[in-house]
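To start, the structure itself, in structure tokens.
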Amino acid sequence: MPLEGEYDPSPAQWVRDQVELYESSGGTRGTTLWHTGLPVVIVTMRGARSGRIRKIPLMRVEHEGRYAAVATKGGYATHPDWYFNLKANPEVDLQDGPEVRSMTARELTGDEKDRWWERAVAAYPTYAEYQEKTDRVIPVFVLEPTGP
Numbered sequence: 023m024p025l026e027g028e029y030d031p032s033p034a035q036w037v038r039d040q041v042e043l044y045e046s047s048g049g050t051r052g053t054t055l056w057h058t059g060l061p062v063v064i065v066t067m068r069g070a071r072s073g074r075i076r077k078i079p080l081m082r083v084e085h086e087g088r089y090a091a092v093a094t095k096g097g098y099a100t101h102p103d104w105y106f107n108l109k110a111n112p113e114v115d116l117q118d119g120p121e122v123r124s125m126t127a128r129e130l131t132g133d134e135k136d137r138w139w140e141r142a143v144a145a146y147p148t149y150a151e152y153q154e155k156t157d158r159v160i161p162v163f164v165l166e167p168t169g170p
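Using the working numbering, read the sequence shown as starting at 23 and increasing by one per residue.
Here it is as structure tokens:
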């Protein structure tokens, strides 16, 4: 079931623009991140504090119908805000091109995290540089289809 509620657009203009282009085109435009040219998906989530709907573009890392959400924040010392949203409210919607799916986010550990990290770095090699830039361990979530 799609998430509903008041939408609170990102304070970052480029994020607002990317989400608007992606969604307004039905997933046919805005499907690559402007500075990388690599594919992205749009993840819709509920804010941890506000409870409002939030939307972000994330690098497309897909394997067998599941997706990674990698909380790099470009290698900064702190997690991105959306990390806390997923921890508090793991039910999300994911748009990959024209298809929108209900998913559940789960933070990974151990060997499973290592496998998804390898997939993520293969899709976007800069993730490895981000990990080198920070002392924190970059979290990785898997987004899995909800229900049958």
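Ideal placement from N, C-alpha and C gives every residue a C-beta, glycine not left out.
Span separating the alpha-carbon of residue i from that of residue j
i	j	result
Ala90	Arg74	23 Å
Tyr29	Glu113	16 Å
Pro24	Thr50	20 Å
Pro31	Glu154	31 Å
Val159	Pro79	21 Å
Beta-bridge partners of residue i, as assigned by DSSP
i	result
Ser46	In DSSP, Ser46 forms no bridge with anything.
Beta carbon of residue i nearer than 7 Å to that of residue j
i	j	result
Gly69	Arg76	yes
Tyr44	Thr94	no
Glu129	Pro161	yes
Leu116	Val63	yes
For residue i, three-class secondary structure by DSSP
i	result
Tyr98	coil
Tyr152	helix
Arg38	helix
Leu165	strand
Proximity to residue i [Cα-Cα], best of the options
i	options	result
His85	Glu134, Val159 and Gly27	Glu134
Thr168	Arg158, Thr66, Ser124 and Glu140	Ser124
Asp39	Glu26, Leu55 and Gly27	Leu55
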